[in-house]
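Enquirer:
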Amino acid sequence: MYTIVLVEDEKALSNLIKIYLERESYEVICFEEGKKALNYIGSKADLWILDIMLKDNVSGYDIIKKIRENNEFVPVIFTSARDQELDKILGLELGSDDYLTKPFSTKELVLRVNNIIKRVYKNTDKKIVEYDEYSINLEKRSVLFKQKQIKLTTLEFDLLMLFLKNKTKCFTREEILNNVWGRDYFGTDRVVDDGIRRLRKKMPKLNLEAVYGYGYRLV
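Structure, rendered in structure tokens:
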């Protein structure tokens, strides 16, 4: 059973999300206060759902920073009443996998959770993939460069896998969205460009080529 940690200070919404997720056979742990959520970091969690604005002056941004400082690369979904492009970009920069603006459909949230869980925790036969001087462990979802670990978010890792498994194939932004973010993603394709940019920065020897007017490919 996968464990979902929900940090949401609106109790009615928290209870509703919990009911829907438990129907999908997830274990759901709820926190209304950011400080209590911070104390839980390091315990079992397969996915976090974080409200950005919390009442105790600990934001969702604070929580994801602590998660990443703890070397945990568990997927994270942000929820927020703020629909600003800058907030979404900041969330992605901090390592989130998705961003939902309130009010949102609980069914949509569950679909996104299901997509991320399937994508991140699906089994694979081949455990190690080599590219240039990078060694990618598919089971541990880790990347080494000259024996030094490169910290990728779950989305960045899945983006990397899409290109490694389809070398030289050119993908449109829409195809990348469907394969990595899932067909239920309703945001703009700008997240693709942001994801590629972050991946290039962390893995400069990864030769991701932009094909003008079309998309991207690994060469």
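Numbered by our numbering, the letters in the sequence shown go through residues 69 to 287 in order. Ideal Cβ positions, reconstructed from N, Cα and C, are used throughout, including at glycine.
1) Hey, could you find the ends of the alpha helix (DSSP H) Thr174 is sitting in?
2) One question on the structure: do Leu109 and Lys134 come within less than 9 Å of each other, judged by their Cβ atoms?
3) Helix or strand or just coil, what does DSSP make of Ala278?
4) Check whether the segment 174-182 and the segment 272-287 are in contact - that is, three or more C-beta pairs closer than 8 Å.
5) Alpha carbon to alpha carbon, what distance is there between Val287 and Cys238?
6) Look at the Cβ atom of Leu227, then the Cβ atom of Ile244, and state whether they are nearer than 9 Å.
7) State yes or no: is the C-beta of Val248 within less than 9 Å of the C-beta of Leu232?
8) When you compare only the Cα positions, how much space is there between Leu81 and Leu115?
9) Among all the DSSP beta bridges, which residues are the ones paired with Trp116?
10) Short check: CB of Gln118 to CB of Val75, under 9 Å?
11) Measuring only the C-alpha atoms, how far is Asn275 from Val259?
12) Taking just the CA atoms, how far does Lys216 sit from Thr240?
13) When the Cα atoms are used, what is the spatial distance from Gly255 to Thr147?
14) Pull up the CB-CB distance for Pro143 and Ile184, whole angstroms please, since I reckon it's below 8 Å.
15) So, at 6 Å on beta carbons, what are the nonlocal neighbours of Asp262 in its own chain, with the 5 sequence-adjacent residues on each side left out?
16) Considering Glu15, what are the terminal residues of the alpha helix (DSSP H) in which it resides?
17) Just reading off the alpha helix (DSSP H) that Ser82 is part of, what are its end residues?
18) What does the alpha-carbon distance come out to for the pair Val126 and Asn138?
19) Quick one: Cα of Lys235 to Cα of Thr221, how far?
20) What are the start and end residues of the beta strand (DSSP E) that includes Gly283?
21) Ile218 and Lys186 - do their beta-carbons sit closer together than 9 Å?
22) May I ask you to report which of helix, strand or coil DSSP gives Lys216?
23) Thinking Glu101 and Asp124 are a contact (beta carbons under 8 Å), I'd like their distance in whole angstroms, please.
Expert: Taking the definition as stated:
1) Within the sequence shown, the letter at position 106 stands for residue 174. Note, Thr174: alpha helix (DSSP H), 174-189.
2) Start at 1 with the first residue of the sequence shown, and residue 109 comes out as number 41. Start at 1 with the first residue of the sequence shown, and residue 134 comes out as number 66. A small correction: the amino acid at residue 109 is Ile; Leu does not occupy that position in the sequence shown. Cβ atoms of Ile109 and Lys134: closer than 9 Å.
3) Here residue 278 is taken as the residue at index 210 of the sequence shown, counted from 1. Strand, per DSSP.
4) Counting Cβ pairs under 8 Å, fewer than three are found: no touch.
5) Locating residue 238 in the sequence shown gives position 170, counting from the first residue. Locating residue 287 in the sequence shown gives position 219, counting from the first residue. Taking the straight line from one Cα to the other gives about 10 Å.
6) Taking the sequence shown and counting its residues from 1, the one referred to as residue 227 is at position 159. Taking the sequence shown and counting its residues from 1, the one referred to as residue 244 is at position 176. Yes, they are a contact pair.
7) On the sequence shown, residue 248 is found 180 positions in, with the first residue counted as 1. On the sequence shown, residue 232 is found 164 positions in, with the first residue counted as 1. Result no, Cβ atoms of Val248 and Leu232 do not sit closer than 9 Å.
8) On the sequence shown, position 13 is the one that residue 81 refers to. On the sequence shown, position 47 is the one that residue 115 refers to. Cα-Cα distance, rounded: 18 Å.
9) Here residue 116 corresponds to residue number 48 of the sequence shown, with the count starting at 1. DSSP lists Val73, Val144 as the bridge partner or partners of Trp116.
10) Along the sequence shown, read from residue 1 onward, the residue named residue 118 stands at position 50. Along the sequence shown, read from residue 1 onward, the residue named residue 75 stands at position 7. Contrary to the premise, residue 118 reads as Leu rather than Gln in this sequence. Remark: C-beta atoms of Leu118 and Val75 approach each other more closely than 9 Å.
11) On the sequence shown, residue 275 is found 207 positions in, with the first residue counted as 1. On the sequence shown, residue 259 is found 191 positions in, with the first residue counted as 1. Spanning the two alpha carbons is a distance of roughly 19 Å.
12) Looking up residue 240 in the sequence shown gives position 172. Looking up residue 216 in the sequence shown gives position 148. Going from the Cα of Thr240 to the Cα of Lys216 covers about 32 Å.
13) Residue 255 sits at position 187 when you count from the first residue of the sequence shown. Residue 147 sits at position 79 when you count from the first residue of the sequence shown. If you take the alpha carbons of Gly255 and Thr147, they lie about 13 Å apart.
14) Locating residue 143 in the sequence shown gives position 75, where the first residue counts as 1. Locating residue 184 in the sequence shown gives position 116, where the first residue counts as 1. Confirmed, about 5 Å.
15) In the sequence shown, counting from the first residue as 1, residue 262 sits at position 194. Once the five neighbours on either side are set aside, the close Cβ partners of Asp262 are Leu160.
16) What is shown of the chain runs 69 to 287, which leaves residue 15 out entirely.
17) The residue labelled residue 82 in the question sits at position 14 within the sequence shown. That run of the alpha helix (DSSP H) goes 79-91.
18) By one-based count along the sequence shown, residue 126 stands at place 58. By one-based count along the sequence shown, residue 138 stands at place 70. Roughly 17 Å between the two C-alpha positions.
19) The residue given as residue 235 occupies position 167 in the sequence shown. The residue given as residue 221 occupies position 153 in the sequence shown. Distance from the CA of Lys235 to the CA of Thr221, rounded to the nearest whole angstrom, comes to 21 Å.
20) If you number the sequence shown from 1, residue 283 lands on position 215. Residues 283-286.
21) Within the sequence shown, the letter at position 118 stands for residue 186. Within the sequence shown, the letter at position 150 stands for residue 218. For the pair Lys186 and Ile218, the CB atoms are not nearer than the 9 Å cut-off.
22) Counted from its first residue, the sequence shown places residue 216 at position 148. The three-state secondary structure of Lys216, taken from DSSP, is strand.
23) Here the question's residue 101 lines up with position 33 in the sequence shown. Here the question's residue 124 lines up with position 56 in the sequence shown. Indeed they touch by this definition, with Cβ atoms about 5 Å apart.
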